Ligand code: ATP
Ligand code: MG
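Numbering (this note's numbering), first residue to last: 97 to 426.
Right under this line is the structure:
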């Protein structure tokens, strides 16, 4: 089985964007690939976090993965917490010494997140290298992701090739991003030029998987559209309306063409109401399942099983790499 790997930062409650770009692809392919699904808590502290909230978010993240349909009982499914495996940081250091400051400071995500505050941590610059380590440690072939992380997967590809060439060997599998055809960039509801994010400063901009029915309806009904009246899919000129059509399409399980046909002649109010109805139906069912999962012991069981297995694999890979660069004794 080829390997697939992805992670979603426990920097807050997951959004419908995280579902579309990340988790939905895991559930789609979980019977086809050996899946490494981790909670990147080490990535989360690149920006300030409240330690109590972070710990809570880690467990909740796994509860949400499972409530979205990830099957922890599969032998080929490994769910684990990044900081419970010390090889990620060790490999990251070696890869940092094979990456260039210039290539890291040119990353879109770095530019966007570093502009938010006057000062930022060095971790915000180097975290794409840690992400490369996360991927390369397990020889993952596919990395499900939204558009925003495509550039980071490309860095992982470059680092894998650079390392393999430098040390003359097939040390790392060169990974490929796996980007969904629909929903690769769910947009911010207030500023539809931006992507929706879980660590947004404006809670009205994102729909969280744990939002109440009232909040979901309120946020969708006040989502920014445009001064036109035509419901049409045109991401460049009508980003707000196209975003609502995309959300409807993913959560109603229809294609964009079918969504456009459904709203032919409808006004923006109808598009919003129907999109909110579909979201409420899906997210309320999700929340029932989530509450059941959090009340059971399966989240800890899954994380314990994943920790054991992934530590074994990572230890072997790290040993090979450490020898290749000349660490340790002869
Ligand atoms: P943060 O604001 O803390 O960076 P985030 O919402 O960007 O949170 P990440 O944890 O950085 O979420 O990313 C988790 C996964 O979700 C990644 O695969 C990423 O590509 C995907 N993703 C994030 N935002 C979106 C979005 N708006 N549309 C589609 N996919 C997304
Ligand atoms: Mg992000």
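C-beta: ideal position from N, C-alpha, C; glycine also. Bear in mind the structure is a predicted one, so any value in this text is a computation, not a measurement.
> Taking the alpha-carbon positions, what's the residue 174 to residue 135 distance?
Replying inline: Taking the chain shown and counting its residues from 1, the one referred to as residue 174 is at position 78. Taking the chain shown and counting its residues from 1, the one referred to as residue 135 is at position 39. Each residue's Cα considered, the two are about 11 Å apart.
> Under three-state DSSP, which class holds residue 406?
Replying inline: Translated into the one-based positions of the chain shown, residue 406 becomes position 310. It is helical.
> Apart from the five residues just before and just after residue 123, which ones in its own chain have a Cβ nearer than 7 Å to its Cβ?
Replying inline: For the purposes of this step, residue 123 is taken as the residue at position 27 of the chain shown. Excluding positions up to five away in sequence, the list reads 164, 165, 166.
> Using a threshold of 6 Å, is the CB atom of residue 116 nearer than that to any non-hydrogen atom of ligand 1?
Replying inline: Counting from one through the chain shown, the residue named residue 116 turns up at place 20. Indeed, a heavy atom of ligand 1 lies less than 6 Å from the Cβ.
>> Rounded to whole angstroms, what is the Cα-Cα separation between residue 180 and residue 403?
In response: Translated into the one-based positions of the chain shown, residue 180 becomes position 84. Translated into the one-based positions of the chain shown, residue 403 becomes position 307. When rounded, the distance between both Cα atoms is 7 Å.
> CA-CA distance, residue 284 and residue 377?
Replying inline: In the chain shown, residue 284 corresponds to position 188, counting from 1. In the chain shown, residue 377 corresponds to position 281, counting from 1. Their Cα atoms are separated by approximately 21 Å.
>> For a quick check, are the C-beta atoms of residue 266 and residue 414 less than 7 Å apart?
In response: As a working note, residue 266 is residue 170 in the chain shown. As a working note, residue 414 is residue 318 in the chain shown. Not a contact, by the Cβ cut-off of 7 Å.
> What are the start and end residues of each continuous alpha helix (DSSP H) run of 4 or more residues lying completely inside the stretch 185–222, in chain order?
Replying inline: The alpha helix (DSSP H) runs lying completely inside the stretch 185–222 and spanning 4 residues or more are 197–201, 204–211, given in chain order.
>> Shorter than 6 Å, the distance from the beta carbon of residue 241 to the closest heavy atom of ligand 1, or not?
In response: The residue labelled residue 241 in the question sits at position 145 within the chain shown. Correct: residue 241 has its Cβ closer than 6 Å to ligand 1.
> What do you reckon, are the CB atoms on residue 374 and residue 348 nearer than 7 Å?
Replying inline: By 1-based counting over the chain shown, the position of residue 374 is 278. By 1-based counting over the chain shown, the position of residue 348 is 252. Going by C-beta atoms, residue 374 is nearer than 7 Å to residue 348.
> Which ranges does the alpha helix (DSSP H) cover as unbroken runs of at least 4 residues, wholly within the stretch 256–280, from first to last along the chain?
Replying inline: none
>> Going by the DSSP bridge assignment, what does residue 130 pair with across the sheet?
In response: Indexing the chain shown from 1 puts residue 130 at position 34. For residue 130, which the question treats as bridged, DSSP gives the partners 99.
> Among the residues of its own chain, which have a CB less than 6 Å from the CB of residue 227, if the five just before and after it don't count?
Replying inline: Looking up residue 227 in the chain shown gives position 131. Excluding positions up to five away in sequence, the list reads 248.
>> So, at 6 Å on beta carbons, what are the nonlocal neighbours of residue 427 in its own chain, with the 5 sequence-adjacent residues on each side left out?
In response: A question about residue 427 goes unanswered here, because the residues of the chain that appear run from 97 up to 426.
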